[in-house]
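**Q** What follows is a structure written as structure tokens; I'll ask about it next.
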Amino acid sequence: MKVIVTKSYEESCRIAADMIRDEVAQNPATKLGLATGSTPIPVYYHLVEMFQKGEVDFSEVHTVNLDEYWGLSPDHPQSYHYFMQENLFSHINLNPQNTYVPKGTGDAAQNTAELTQKVYEGGVPSIQLLGIGANGHLGFNEAGPTLVANAHMQALTQSTIDANSRFFEAKDKVPTLAITMGMREILAAKTPLLIATGAAKAQAMHGLLVGDEITTQNPSTFLKLHTGTVVIIDEELAIMSGAK
Ligand code: F6R
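Each residue of the sequence shown is one higher than the one before, counting from 24 in the numbering used here.
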């Protein structure tokens, strides 16, 4: 696991965007694993800017997203389909047919099987962008007594519902279920790339960066099993989490 400590979250996002740009330059038809949430928004902003300046061409790139709320249609403003359109897809030259965000409506078993297929078909993601939940979740693999290996339907924990309620009109409007890649799909990427910022993530990042323990109570600790993992953390959070 490689840990990059930056001066700021802004620098963290710039480094992540540079890594993605360099990967696409080297492998124009690469597959990128993408994430939603607040953390990667500036990464997408940088990628859009790079595209506008002609520094990166996404025309052959494939993408697959980590997760989607269950019960939200693609045009729901809080759906992850909508998020990806707004923050990235509509601003760059990705072929819509080469993008995949898990489906939040329809047949759950079929949708999870399709997500797994999209991760593996034609080769696994080169970079899998990741944020981290306050409880250490990756995608929607929530902290608990067990984890699930493959893509699945996941019940969200109260702490995740509370954290994500900031995007909804009311707490009771937050979906309680989501479709997510499992740990196996996340760890299939050549480079799982986690960006973390903010005091709320200190405890989870302590578990990831300090010591050698792996626990389902902090799913991010499974990143220790992957030699290709890259963690980008700003100095402030590195200090708060005891990693620096
Ligand atoms: C999003 C996702 C989640 C978020 C995590 C952190 O696709 O899979 O695991 O990365 O909840 O969210 P933010 O970045 O909003 O703190």
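Using N, Cα and C, we set each Cβ at its ideal position, and we do this for glycine too.
Under the rule that 16 or more other beta-carbon atoms within 10 Å means buried, what is residue 155, buried or exposed?
**A** Position 132 of the sequence shown, counting from 1, holds the residue named residue 155. Under this definition residue 155 is a buried residue.
**Q** Where does residue 197 sit, in a helix, a strand or coil, going by DSSP?
**A** On the sequence shown, residue 197 is found 174 positions in, with the first residue counted as 1. If DSSP states are grouped into helix, strand and coil, residue 197 belongs with coil.
**Q** Looking at the structure shown, is residue 181 part of a helix, part of a strand, or coil, going by DSSP?
**A** Here residue 181 is taken as the residue at index 158 of the sequence shown, counted from 1. Helix.
**Q** Start and end of the beta strand (DSSP E) containing residue 14?
**A** Here the chain covers residues 24 to 267 and nothing more, so residue 14 does not appear.
**Q** Looking at residue 121 and residue 202, is the spacing between their C-beta atoms short of 7 Å?
**A** Taking the first residue of the sequence shown as 1, we reach residue 202 at position 179. Taking the first residue of the sequence shown as 1, we reach residue 121 at position 98. Contact flag unset, no.
**Q** Can you tell me the Cβ-Cβ gap for residue 124 and residue 165, rounded? I've got them flagged as a contact below 8 Å.
**A** By 1-based counting over the sequence shown, the position of residue 124 is 101. By 1-based counting over the sequence shown, the position of residue 165 is 142. Not a contact, Cβ separation roughly 20 Å.
**Q** Whose CA, out of 212, 25, 70 and 27, lies closest to the CA of residue 45?
**A** Here residue 45 refers to the residue found at position 22 when the sequence shown is read from its first residue. For residue 45, the nearest C-alpha among the options comes from 70.
**Q** Going straight from the alpha carbon of residue 101 to that of residue 28, what length do you get?
**A** Here residue 101 refers to the residue found at position 78 when the sequence shown is read from its first residue. Here residue 28 refers to the residue found at position 5 when the sequence shown is read from its first residue. So the alpha carbons of these two residues sit roughly 31 Å apart.
**Q** Would a C-beta distance cut-off of 7 Å place residue 231 and residue 244 closer than the cut-off?
**A** For the purposes of this step, residue 231 is identified with residue 208 of the sequence shown, where counting begins at 1. For the purposes of this step, residue 244 is identified with residue 221 of the sequence shown, where counting begins at 1. Yes; because the gap between Cβ atoms is below 7 Å, this pair is in contact.
**Q** If you measure from the CB of residue 89, is any heavy atom of the ligand F6R nearer than 6 Å?
**A** On the sequence shown, position 66 is the one that residue 89 refers to. Checking every heavy atom of the ligand F6R against the Cβ of residue 89, one is found closer than 6 Å.
**Q** If I follow the unbroken alpha helix (DSSP H) through residue 45, where does it start and stop?
**A** Position 22 of the sequence shown, counting from 1, holds the residue named residue 45. First-last of the alpha helix (DSSP H) with residue 45: 32-49.
**Q** State the DSSP-derived secondary structure class of residue 217, mapped to helix, strand or coil.
**A** For the purposes of this step, residue 217 is taken as residue 194 along the sequence shown, with counting starting at 1. Of the three classes helix, strand and coil, the one that applies to residue 217 here is strand, per DSSP.
**Q** Cβ of residue 36 within 7 Å of Cβ of residue 84?
**A** Here residue 36 is taken as the residue at index 13 of the sequence shown, counted from 1. Here residue 84 is taken as the residue at index 61 of the sequence shown, counted from 1. Their beta carbons are not under 7 Å apart, which means residue 36 does not touch residue 84 by this criterion.
**Q** What does DSSP give as the partner residues of residue 256 in its beta bridges?
**A** For the purposes of this step, residue 256 is taken as the residue at position 233 of the sequence shown. Answer by DSSP bridge pairing, in chain order: 28 and 219.
**Q** Can we say the segment 54-65 touches the segment 144-164, given the rule of at least three CB pairs closer than 8 Å?
**A** Touching, yes.
**Q** Spatial neighbours of residue 205 within its chain, please: CB distance less than 7 Å, with the 5 preceding and 5 following residues excluded, ordered by chain position.
**A** Position 182 of the sequence shown, counting from 1, holds the residue named residue 205. So the list reads 164, 171, 172, 173, 174 and 175, once near-sequence residues are dropped.
**Q** To the nearest whole angstrom, what separates the beta carbons of residue 160 and residue 242, a pair I think is in contact under 8 Å?
**A** Your numbering for residue 160 matches position 137 in the sequence shown. Your numbering for residue 242 matches position 219 in the sequence shown. Sure, about 6 Å apart at Cβ, within 8 Å.
**Q** Does the Cβ of residue 127 lie closer than 6 Å to at least one heavy atom of the ligand F6R?
**A** As a working note, residue 127 is residue 104 in the sequence shown. No, since every heavy atom of the ligand F6R falls outside the 6 Å radius drawn around the Cβ of residue 127.
**Q** Using CA coordinates, which residue listed in 222, 110, 141 and 96 is at the minimum distance from residue 211?
**A** Locating residue 211 in the sequence shown gives position 188, counting from the first residue. Minimum Cα distance to residue 211 is reached at 141.
**Q** Sorry if obvious, but does the Cβ on residue 58 come closer than 6 Å to a heavy atom of the ligand NAD?
**A** Annotation note on the ligand NAD: not contained in the displayed structure, which lists the ligand F6R as its ligands.
**Q** Between 265, 162 and 75, which has its C-alpha nearest residue 246's C-alpha?
**A** Stepping through the sequence shown from its first residue, residue 246 is reached at position 223. Answer by Cα proximity: 162.
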